[in-house]
Structures are given as structure tokens and as C-alpha cells.
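In terms of the working numbering, the sequence shown opens at residue 31 and continues consecutively.
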Amino acid sequence: MEQTKTTTTPAQVNPDIVEVATLGGGCFWCLEAVYQEMKGVLKVESGYAGGHVPNPSYREVCTGTTGHAEVVQITYDPAVVSYADILEVFFTIHDPTTLNRQGNDVGTQYRSVIFYHNDEQKKTAQAAKSAAVQLWPKPIVTEIAPLDRFYKAEDYHQNYYRSNPSQPYCVYVVGPKVEKFREKFRDRLKQ
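In C-alpha cells:
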């Protein structure tokens, strides 16, 4: 039985209290696991954005025909962590030089993308992408686009790494990205 997914738009978040970032960098389980450990991050939800099919299911997104990317929506406290810091981690923990793929995950749903919520985020994203060329020897293909809609993924995708740490994909794909974050950004780990 398909569940009804929650849809949010940037205007529904009170910018005086928190800010929201929406990022796609391959499988959403990887990004979710990393950002859940980052200081200043209040909530991370896996979902879909950037497509043309309303209320897509995981099965539909996996076909590559809906136009959606697997993304995470990160709610954070800007007094603790900046959008630029979030993007620095983003460009470090995934490969932004491979078009529509991360490792063995291939398709437009795995593209590297930053969905900005406002003009300030757009400028910061462009600057972060420009700065990331120092980290990668190949050209960066990360898309920067306005967020239209975010569709929360099915419940079994939420907190996936925490709930399934022994699952092979988590051991061999998610785990190394989490370890890379912990090693490179020790000062940004939650206590």
C-alpha cells in the first residue's frame, strides 16, 4: 500500500529559527548518514526533488524517468553551522565530477545537485562549486537549480544507515563516507 508523502516548499519554513538545505549526491542514505552526525543539523530527511512527476514513489524514481534526484533535506541552525560549511562537506564526501552516477549507482536520480531555496543560497552554492575545483582533478558537474518541490521518501528510507548498519550497502558504500566525514571534519561532529 502506497503511503501519502509530505510535500514541503521553502516558504513553509520559518527562516528566523532555522534554515534548510536540499542536496543530492548519489544515494540519499549516504548524505543522510553524514549530515545526521554534523553539529548544528537538527533534522535530515531523505526524499526526491527536481522532477516532473508529482508525489513520486521510490520505484518510480529508480526508473530514471521522473526526473527526480535522490536528495536530503537538511534543517539546520545557522547560528551553529553555515550553509557554506554544509556545502564544503557535500563537495568532500561525494564525487561531484561524475555525471549521473556515484560509484555503482548510475542514473539521473543519482546526480550531483544543489537545490537552492533563495538567492543567497544560490550565490553560496556557486562559490562553493568554484572552490571545490581545488579538491577534484576533473571538472565538477554539480547542477545548481532552484528547489521547486521536495517529496519526502517512504518511511523505510528514513534513518536508513542508523537502522541498518550491517546491511552490505551500508557497510561498503555508506560507512566509508561517514568515516571520511568523521576523519576530515572532526570539529563539526555532534558531541
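Glycine included, C-beta positions come from ideal geometry on N, C-alpha and C.
Alpha carbon of residue i to alpha carbon of residue j, nearest angstrom
i, j, result
"Thr122", "Lys210", "9 Å"
"Leu61", "Glu150", "22 Å"
"Ser196", "Val204", "11 Å"
"His124", "Asp178", "23 Å"
"Pro86", "Gln221", "36 Å"
"Pro167", "His98", "28 Å"
"Ala63", "Val48", "20 Å"
"Pro40", "Arg141", "Because Pro40 carries a pLDDT of 44, less than 50, the predicted location of this residue cannot be relied on, and the following value inherits that uncertainty. Distance between the alpha carbons of Pro40 and Arg141: 21 Å."
"Asn134", "Tyr190", "19 Å"
"Lys152", "Ala51", "11 Å"
"Ala183", "Thr95", "17 Å"
"Leu165", "Lys159", "10 Å"
"Tyr78", "Tyr106", "19 Å"
"Val208", "Asp46", "30 Å"
Outcome for residue i when other beta-carbon atoms lying within 10 angstroms are tallied against a minimum of 16
i, result
"Val136", "exposed"
"Thr93", "exposed"
"Val201", "exposed"
"Tyr186", "exposed"
"Gln132", "buried"
Whole-number beta carbon distance between residue j and residue i, since they are thought to touch under 8 Å
i, j, result
"Leu65", "Val102", "Residue identity check: residue 65 is Tyr in the sequence provided, not Leu. Indeed they touch by this definition, with Cβ atoms about 6 Å apart."
"Arg218", "Lys73", "Going by Cβ atoms, the distance from Arg218 to Lys73 rounds to 17 Å, so no, they are not a contact pair."
"Gln188", "Ser76", "6 Å"
"Val119", "Phe215", "6 Å"
"Ile170", "Ala161", "About 10 Å separates the two Cβ atoms, so there is no contact after all."
Stretch-stretch touch, CB-based, cutoff 8 Å, three pairs: the region 122 to 136 with the region 106 to 114
Contact between the region 122 to 136 and the region 106 to 114 is not established, with fewer than three Cβ pairs separated by less than 8 Å.
Three or more C-beta pairs under 8 Å: does that hold for the region 135 to 155 against the region 173 to 184?
Because the criterion of three Cβ pairs below 8 Å is met, the region 135 to 155 and the region 173 to 184 touch.
Answer yes if the region 81 to 92 comes into contact with the region 46 to 63, meaning at least three C-beta pairs across the two stretches below 8 Å, and no otherwise.
Touching, no, given that fewer than three Cβ pairs across the two stretches are closer than 8 Å.
For a minimum of 3 consecutive residues, which ranges assigned as the beta strand (DSSP E) are wholly contained in the region 73 to 151?
The region 73 to 151 contains these whole beta strand (DSSP E) runs: 99 to 106 and 142 to 146.
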